[in-house]
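Asker: Provided herewith is a single structure, encoded as structure tokens, for subsequent inquiry.
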Amino acid sequence: MPGERPAQTDPARPTKQARRRRSSGIGVPIARSRFLVIAVAVFVGLGLAWWAATGLGLVKPIFLPSPGSVAMQIAKLAADGTLWLDLKASMYRISIGFLIASALSIPIGVLIGSFRSWEAAIEPLVDFIRYMPVVAFVPLSILWAGTGDSQKFLIIFIGTFFQQVLMIMDNVKRVPADFIGLGRTLGLPDRKILTRIVVPSALPGIWDTLRISLGWAWTWLVLAELVAATSGLGYRITVSQRYFQTNTIIGYILLLGLLGLITDQVMKALEKVLFKQEGRSQ
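First residue of the sequence shown: 1, per the UniProt record's numbering; consecutive thereafter.
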């Protein structure tokens, strides 16, 4: 109507569209509860699709057994002790192999990330070796270490060590130069700058590198056990393939995924405790 003023909106109050964009935009954090609901919904959806595909006969059981068949087979293997023997063997191998690789890669990575002369001597060689496919070392590892646990340790080492060294080197290089300059201003020698400034500043990144490379270690463990082993999760997958026991293969693959997910979440939880990374969004 004439003389009537248009409705005013409060510029400080965001509209519904703006709030919706703000809650789902790039880099916008979401609540932990919402994160978990979305993650669980994806797993449930995939499980239902699997159940429907097998229950309706869309896929032959030899190619994709039903969830119930897989669960029953894993329960059977757990009851007769086979599952626990395989799990024990694989956990032992990945623990030793990963610890050896990490114990050597951390000091070497810190060294070449801190001193240019050491970087020139080591980094090109490590960079060269890391592009060699780990699979190609499997025949050599059997010749060098036989078919026992030492061969599994070696494959895990080759698959993780060289990647870890370069990633740890990058973590060290990200330490602000101002921190190192402050240490020199205080008259600290290189050894104390390294132990009191560089290493503590790089530790969160180093821990994250270990978490990521632990996932790779599971892959190389299964590779080693697929080729030469008499026990372990990878070995059981190979044996099951010979007898067309697809339910065992699928069950062990799912178990490997679960083990990887659990170890990753444990590493993340420890990272928040050890380095007090509060408020880090998912």
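From the three backbone atoms N, C-alpha and C, an ideal C-beta is built for every residue, glycine too.
Because the structure is a prediction, the values reported are computed rather than measured.
#1: Is the CB-CB distance between residue 129 and residue 162 below 7 Å?
#2: Label residue 190 either buried or exposed according to how many other C-beta atoms from any shown protein chain fall within 10 Å of its C-beta, with 16 as the threshold for buried.
#3: What is the DSSP secondary structure of residue 91, reduced to helix, strand or coil?
#4: Could you check where the alpha helix (DSSP H) with residue 245 kicks off and where it finishes?
#5: Name the residue from 169, 138 and 167 whose alpha carbon lies nearest to the alpha carbon of residue 154.
#6: For residue 173, which of helix, strand or coil comes out of DSSP?
#7: Where does residue 209 sit, in a helix, a strand or coil, going by DSSP?
#8: How about residue 197 and residue 183: are their beta carbons less than 7 Å apart?
#9: Exposed or buried, what is residue 218 when buried is set at 16 or more other beta-carbons lying within 10 Å of its beta-carbon?
#10: How far does the alpha helix (DSSP H) with residue 44 in it extend, from its first residue to its last?
#11: Suppose the cutoff is 8 Å on Cβ atoms and the five residues either side in sequence are ignored; what does the same chain contact list for residue 286 look like?
#12: Leaving out five residues before and five after residue 225 in sequence, what residues of the same chain have Cβ atoms less than 6 Å from its Cβ?
#13: Rounded to the nearest angstrom, how far is the Cβ of residue 193 from that of residue 180, given a contact under 8 Å?
#14: Taking all protein chains shown into account, do 16 or more other C-beta atoms lie within 10 angstroms of the C-beta of residue 54, making it buried, or fewer, making it exposed?
#15: Buried or exposed for residue 124, please, with buried defined as at least 16 other CB atoms from any protein chain shown within 10 angstroms of its CB.
#16: Taking 8 Å as the limit between beta carbons, can you name the residues of its chain near residue 142, skipping five residues before and five after?
Answerer: Based on what the coordinates show:
#1: yes
#2: exposed
#3: helix
#4: Taken as a continuous stretch (DSSP letters only), residue 245 belongs to no alpha helix (DSSP H), as it is neither H nor E.
#5: 138
#6: helix
#7: helix
#8: yes
#9: buried
#10: 32-55
#11: Residue 286 lies beyond the stretch modelled for the chain, which goes from 1 to 282, so this question has no answer here.
#12: 232, 234 and 235
#13: 6 Å
#14: buried
#15: exposed
#16: 151, 227 and 228
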